[in-house]
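**Student:** Let me give you the structure first, and then I'll get to my questions.
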Amino acid sequence: MVSTDIRRLSVQDYHRMVEVGILDPDERVELIAGQLYQMAAKGSAHSAAMTRISRALSQGLGERALLRFQDPVQLNNDSEPEPDIAVVALNPRDYEDHHPIPDEVYLLIEVSDRTLKRDKTLKARVYAQSNITDYWIWDVSGQQLWVLRHPSSTGYQQEMTLSAADTISPIAFPECIISIASFL
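Everything in the sequence shown is counted per my numbering, starting at -1 for the first residue and increasing by one.
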């Protein structure tokens, strides 16, 4: 009989693996629900989408929030993902002493060209369980935005799919109206 028991890693285990050299500090992995996942390589379409989305958010939000790109957020003791874009509360030291935690996160965005399934299932579940109130997934190839809101312990209770003709505002900044066409 094959055992299916999995030893889950904690955020502390993950950091220690980097400290002792088991993982390279620049290795593209993230800790989600106690397991390490390789991050997809960034293609040109992904990079271009990141630029357009960051431009739209910067113009709409100004200095009211901090934008972080592919940097960790610590959701709990066993998840420290690196979302493509995190809109977080301003911090006088720019999070020098800790990664943002859920109470400091306004919006997480994943830009998906090869990771759509993982972003819509695993990450959505973990983000919802961590009470991330606003989670967007930009589907690069489908050119649509998945908007997930109203988190619960079982997942997001609201899911919308928006296209270029639509607009959206982050929950935390309803006056910041963003055209989905600006992501194209």
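The beta-carbon is built from N, C-alpha and C at its ideal position, and this holds for glycine as well.
Hey, could you find the ends of the beta strand (DSSP E) A84 is sitting in?
**Tutor:** Residue 84 sits at position 86 when you count from the first residue of the sequence shown. 83 to 86 is the extent of the beta strand (DSSP E) around A84.
**Student:** Per DSSP, V27 forms a beta bridge with which residues?
**Tutor:** Taking the first residue of the sequence shown as 1, we reach residue 27 at position 29. Q36.
**Student:** Which residues bound the alpha helix (DSSP H) around E108?
**Tutor:** Looking up residue 108 in the sequence shown gives position 110. No alpha helix (DSSP H) holds E108; the beta strand (DSSP E) holding it covers 103 to 110.
**Student:** Considering only DSSP beta bridges, list what E157 is partnered with.
**Tutor:** Walking along the sequence shown from the start, residue 157 turns up at place 159. E157 is bridged to L146.
**Student:** Which one of Q68, Q72, K121, P79 has the shortest CA to CA distance from P98?
**Tutor:** Counted from its first residue, the sequence shown places residue 98 at position 100. It is Q72.
**Student:** Counting along the chain, where does the alpha helix (DSSP H) carrying I51 start and finish?
**Tutor:** Start at 1 with the first residue of the sequence shown, and residue 51 comes out as number 53. 42 to 59 is the span of the alpha helix (DSSP H), which, as asked, contains I51.
**Student:** Would you kindly check if the distance between the Cβ of L105 and the Cβ of A87 is under 9 Å?
**Tutor:** Position 89 of the sequence shown holds residue 87. Position 107 of the sequence shown holds residue 105. The answer is no: Cβ separation not under 9 Å.
**Student:** Under three-state DSSP, which class holds F181?
**Tutor:** Position 183 of the sequence shown, counting from 1, holds the residue named residue 181. If DSSP states are grouped into helix, strand and coil, F181 belongs with the helices.
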